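Structure record follows, encoded as structure tokens.
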Ligand code: ZN
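Listed below in structure tokens is the structure:
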């Protein structure tokens, strides 16, 4: 499935909703484009908490990659994003909301394998 996100949409919300509507529970997800603002995260492995980094400027989406699986009975997008500023400098990390689209092309490749996330004590993350 190939589609675009609309100007002003939140990437995580829009892709997750699309998959819920289409009943896609397992998929590869890729996206490219540009954002108006972004929120990325770095997972601190000691504290087991995400440090959120807010980027309040237009950036290119150099690469967006992720997957759809099921967490607590619902479709869940796990994505990472690489962003470039006007000098070509990269920032990246775990994709959070709000990350607001300027323009975005999305490619979703559904998979047959069922993937369910469960809380993992060792990492503090919800893993397959
Ligand atoms: Zn992540």
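Residue numbers (our numbering): 12 to 139. Where is the CB? At the ideal position from N, CA and C, for every residue including glycine. Note that the structure is a prediction, hence the values are computed from the model and not measured.
Exposure label - residue i; buried when at least 16 CB within 10 Å
i           : result
residue 12  : exposed
residue 101 : exposed
residue 42  : buried
residue 14  : exposed
residue 110 : buried
residue 107 : buried
residue 134 : exposed
Own chain residues within Cβ distance below 7 Å of residue i, not counting five before or after
i          : result
residue 78 : 38, 39, 40 and 89
Cutoff 8 Å: residue i Cβ touching any chain B Cβ
i           : result
residue 118 : This model lacks chain B altogether, as it is built from one protein chain only.
Reduced DSSP category for residue i - H, G, I as helix; E, B as strand; rest coil
i           : result
residue 134 : coil
residue 58  : coil
residue 120 : strand
residue 26  : helix
Contact belief for residue i with residue j at Cβ below 8 Å, rounded distance in angstroms
i           : j           : result
residue 128 : residue 81  : 7 Å
residue 115 : residue 22  : 7 Å
residue 91  : residue 104 : 7 Å
residue 46  : residue 94  : 7 Å
residue 55  : residue 63  : That pair is no contact at about 11 Å.
residue 48  : residue 117 : Contact flag wrong, Cβ pair sits at about 18 Å.
Residues near residue i in its chain [Cβ-Cβ closer than 6 Å; skip 5 each side]
i          : result
residue 20 : 112
residue 66 : 49
Cut-off 8 Å between Cβ atoms - residues of its own chain near residue i, not counting five sequence neighbours on either side
i           : result
residue 125 : 36, 37 and 81
Q: Give me every residue whose Cβ sits closer than 6 Å to any heavy atom of the ligand FMN, in chain order.
A: With respect to the ligand FMN, the structure offers nothing, as its ligand set consists of the ligand ZN.
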